[in-house]
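Q:
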Amino acid sequence: MAPPKVAVVGYPNVGKSTLVNRLSGTREAVVHEQSGVTRDRKEVEADWNGRAFMLVDTGGVDIAEPGDLAEAVRGQARAAVGESDLALLVVDARAGLRPGDTELAAELRGGAVPVVVAANKVDAASQAGLAAEFYALGLGDPLPVSATQGLGTGDLLDVLVEGLPEAAADAPESTALAVIGRPNVGKSSLVNRLLGEERVIVTPVAGTTRDAIDTRIEFEGRSLTLVDTAGLRRRTKVAGTVDYYAQLRSEQAAERAAVAVVVCDASEHVTSEDLRVAEMAMRAKCATVIALNKWDIGRTDLEDAKARVAQKLRQRPRVLAVSATTGRGLRRLVAEALDLADRARERIPTPELNRFLSDLQSARQPPAVRGRRLRLYYLAQFETDPPRFAVQVSDRGLVTRDYAYFLENRLRERFGLEGVPLVIDIKTSRGRSSR
-12 MAPPKVAVVG YPNVGKSTLV NRLSGTREAV VHEQSGVTRD RKEVEADWNG
38 RAFMLVDTGG VDIAEPGDLA EAVRGQARAA VGESDLALLV VDARAGLRPG
88 DTELAAELRG GAVPVVVAAN KVDAASQAGL AAEFYALGLG DPLPVSATQG
138 LGTGDLLDVL VEGLPEAAAD APESTALAVI GRPNVGKSSL VNRLLGEERV
188 IVTPVAGTTR DAIDTRIEFE GRSLTLVDTA GLRRRTKVAG TVDYYAQLRS
238 EQAAERAAVA VVVCDASEHV TSEDLRVAEM AMRAKCATVI ALNKWDIGRT
288 DLEDAKARVA QKLRQRPRVL AVSATTGRGL RRLVAEALDL ADRARERIPT
338 PELNRFLSDL QSARQPPAVR GRRLRLYYLA QFETDPPRFA VQVSDRGLVT
388 RDYAYFLENR LRERFGLEGV PLVIDIKTSR GRSSR
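All residue numbers for the sequence shown refer to the working numbering, where the first residue is -12 and numbers rise by one.
Right under this line is the structure:
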């Protein structure tokens, strides 16, 4: 069973994400001086005095703000409250009581979820009286806190934990799948289709997602966490902006995921930027699969796409045609991603590896350099996730770049490691004749 949840809601720019980071002791939520950075709901693990729970960060709610995006943010916040055990209403003590606070409080008072009020930005004990104004919200005692200084956050955590149900049993281990790609290739649409709900906001505007959004689901009896991420651009193009921090979260999502689903737009073919994103995942030691999304409207030749990926990407991931709109290929995509995660954790028996090494040398004799021919003696795997191998050779200096790639590619083909990151250490064998 999942841990209990606390939905963190409030008017824009009251410091919700900063407070989430303070209460969880992390930097998971994107924080920026620009208002309206958070849009989707993001779950962050927290623990206080041995009680584990989830903080659900949400976008700023302004009930009077017009527009589809504002309505989508409100919908996400309402959904977060609806599936949580407790709501934490954050207000700005320095700004005082505002109409937006009153409107949101009225909506929360009519709900079934208990509410705690945190009067944020009380940065000194002498300012604690600023919280008194928020008694007018009719939601009980407002607690003065400072997300930046930490003042009052221990008392707030005490109140939150006291209001939560007893901790449930530990959740099963979940395999993390990071959905990454360029802006506006359909990552959030694909995640929503897999989830069967509008969990992350989708608009035609590139860059709607600003954070890495984790959501657990069950797939054929297995627990997995889908991580929707912000669109990846070159860092030089986003330096100094809120997108820069969102980009960092996307890269970190790949680092902590078992598999990266690299989403491409089938109507634009596999671009050099798509390849750059896949390379980033490989450097993070993350297994990868390429999802050609929008296949229902795209014109990309699948075989051409596979050939381009095989030629350009050392990891040689599989390329699958999918459609977030129709659902085509999505179950197969998730099954492939989970299979990749499993293969990255497997250990190949040494006898099988050495039979492979013998067959390899029979198929293509190692090169001779300056009249001396390379000999391959022994191959063994000594790490998993990602797989790491050691091959003993007569002389490491005789290993050419081409033959090293030949060894790696044949190893992938023989043991189904396409898309799996692997490391091959080449060692000169001590005590063997180098003749």
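For each residue, glycine too, the CB sits at the ideal point set by N, CA and C.
In the DSSP assignment, what residue or residues form a beta bridge with S210?
A: DSSP lists E205 as partners of S210.
Q: For K(-8), does the three-state DSSP call read helix, strand or coil?
A: The answer is strand: DSSP assigns K(-8) an E or B state.
Q: CB-CB under 6 angstroms to P131, same chain, minus the five flanking residues each way: which ones, in chain order?
A: Closer than 6 angstroms at Cβ, skipping near neighbours: A106, V109, A115, A118, G139.
Q: Can you give me the start and stop residues for the alpha helix (DSSP H) that A93 sits inside?
A: Its alpha helix (DSSP H) spans residues 86 to 96.
Q: For G150, write down the residues that DSSP places opposite it in a beta bridge.
A: DSSP output for G150 lists no bridge partner at all.
Q: Whole-angstrom Cβ separation of V378 and L361, contact assumed at under 8 angstroms?
A: Wrong, their Cβ atoms sit about 11 angstroms apart, outside the cutoff.
Q: Enumerate in chain order the residues of its own chain whose CB-to-CB distance from P(-9) is below 6 angstroms, with the five nearest sequence positions on each side excluded.
A: F40, D72, L151, P152, listed in sequence order.
Q: Leaving out five residues before and five after Q136 in sequence, what residues of the same chain have Cβ atoms less than 7 angstroms from its Cβ?
A: Here the set comprises D110.
Q: Look at the alpha carbon of Q298 and the alpha carbon of G403, and state the distance between them as a whole number of angstroms.
A: About 18 angstroms.
Q: Thinking C-beta only, is S259 closer than 8 angstroms to N280?
A: Result no, Cβ atoms of N280 and S259 do not sit closer than 8 angstroms.
Q: Exposed or buried, G(-3), counting other C-beta atoms within 10 Å across all chains shown (16 or more means buried)?
A: Classification of G(-3): buried, given that the 10 Å Cβ count is 16 or more.
Q: Tell me, which residues are paired with M41 by DSSP?
A: In DSSP, M41 forms a bridge with K(-8), E32.
Q: Looking only at C-alpha atoms, which of L147, A67, A80 sits nearest to L95?
A: Ranking the options by Cα distance to L95, first place goes to A67.
Q: For the pair the stretch 143 to 150 and the stretch 119 to 127, tell me if three or more CB-CB distances fall below 8 angstroms.
A: Too few Cβ pairs lie closer than 8 angstroms, so no.
Q: Mind checking who R360 pairs with in its DSSP beta bridge?
A: Looking at the DSSP assignment, R360 forms a beta bridge with A355.
Q: Any chance the stretch 287 to 302 sits against the stretch 312 to 324, with 3 or more Cβ pairs inside 8 angstroms?
A: Contact fails: fewer than three Cβ-Cβ distances are below 8 angstroms.
Q: Would you identify the three-state DSSP class for Y453, choosing helix, strand or coil?
A: With the chain covering only -12 through 422, there is no way to say anything about residue 453.
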